[in-house]
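Participant: This is the structure, below, for whatever I ask next.
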Amino acid sequence: MPNSTKRAAPDACSLLDSDHRNVKKMFKAYEELTHSRAADVQQKKRELATQICTELTVHAQIEEEIFYPAMREAISETDLLDEAEVEHASAKELIAQIEAASEVDDKFDAKVIVLGEYIDHHVKEERNEIFVKARAARGLDLVAMREQLAARKEELMEELTAAA
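Per UniProt numbering, residue 1 is the first one in the sequence shown, and the count goes up by one each step.
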């Protein structure tokens with residue numbers, strides 16, 4: 001008997017959105033740490049910030065290498081993609097500052113929190129506008145693209161963790 005509440009197959013957008021949810025949880029955990037008085041809180045903040053930066057770096061790279069170019073081919077109105085790429089550049093700048101910071105101080109916290117706010121804004125635009133256009137675009141195989149994104153993500157994560 002066919003299931004009438006059948007969900008769409010996981011696609012590129014669902015993979016990217018899963019990344020969004022995962023990193024949002026990390027930002028929330030970071031914010032909770034800013035209120036902690038634990039002795040090892042600075043170390044925990046540094047580790048979590050590093051994890052956030054790694055996740056976002058890989059996420060941005062797979063979007064820029066695979067998702068955005070395919071979107072540019074599939075849709076005529078690409079101003080949203082231009083904005084998304086500018087947002088990526090701003091996020092990368094903050095990531096570089098976080099990664100280069102010698103101390104986990106109030107400025108460090110502020111940079112991580114502002115990065116979280118940037119990402120929140122970026123995610124809303126992707127979820128409400130770019131993903132909607134992607135799913136409506138003709139000739140865009142988002143299910144196959146999901147496999148491509150997942151493979152590239154795994155490759156980049158291995159590279160980054162090996163370099164660390």
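Virtual Cβ for every residue (Gly too), placed ideally from N, Cα, C. None of the values given here were measured: they were computed from a predicted structure.
With A162 as the anchor, note down where its alpha helix (DSSP H) starts and where it stops.
Facilitator: The residue labelled residue 162 in the question sits at position 162 within the sequence shown. Run containing A162: L142 to A163, per the alpha helix (DSSP H) assignment.
Participant: Measure the beta-carbon distance from V114 to L94 and round it to whole angstroms, keeping in mind my assumption that it falls under 8 Å.
Facilitator: What you label residue 114 is simply residue 114 of the sequence shown in a count that begins at 1. What you label residue 94 is simply residue 94 of the sequence shown in a count that begins at 1. With a Cβ gap of about 7 Å, V114 and L94 count as contacting.
Participant: For I75, which of helix, strand or coil comes out of DSSP?
Facilitator: For the purposes of this step, residue 75 is taken as the residue at position 75 of the sequence shown. It is coil, neither helix nor strand.
Participant: For my contact list, F131 and C13 are in at a C-beta cut-off of 8 Å; report their separation, rounded to the angstrom.
Facilitator: Residue numbering aside, residue 131 sits at position 131 when the sequence shown is read from its first letter. Residue numbering aside, residue 13 sits at position 13 when the sequence shown is read from its first letter. Indeed they touch by this definition, with Cβ atoms about 4 Å apart.
Participant: Have a look at F67 and A39 and give me their C-alpha separation to the nearest angstrom.
Facilitator: Here residue 67 corresponds to residue number 67 of the sequence shown, with the count starting at 1. Here residue 39 corresponds to residue number 39 of the sequence shown, with the count starting at 1. C-alpha separation (whole angstroms): 42 Å.
Participant: Ignoring anything shorter than 4 residues or poking outside the UniProt domain "Hemerythrin-like" (14-132), list the alpha helix (DSSP H) runs there in chain order.
Facilitator: 41-62, 68-74, 79-100 and 106-125
Participant: Could you give the DSSP three-state label for A136: helix, strand or coil?
Facilitator: As a working note, residue 136 is residue 136 in the sequence shown. Of the three classes helix, strand and coil, the one that applies to A136 here is helix, per DSSP.
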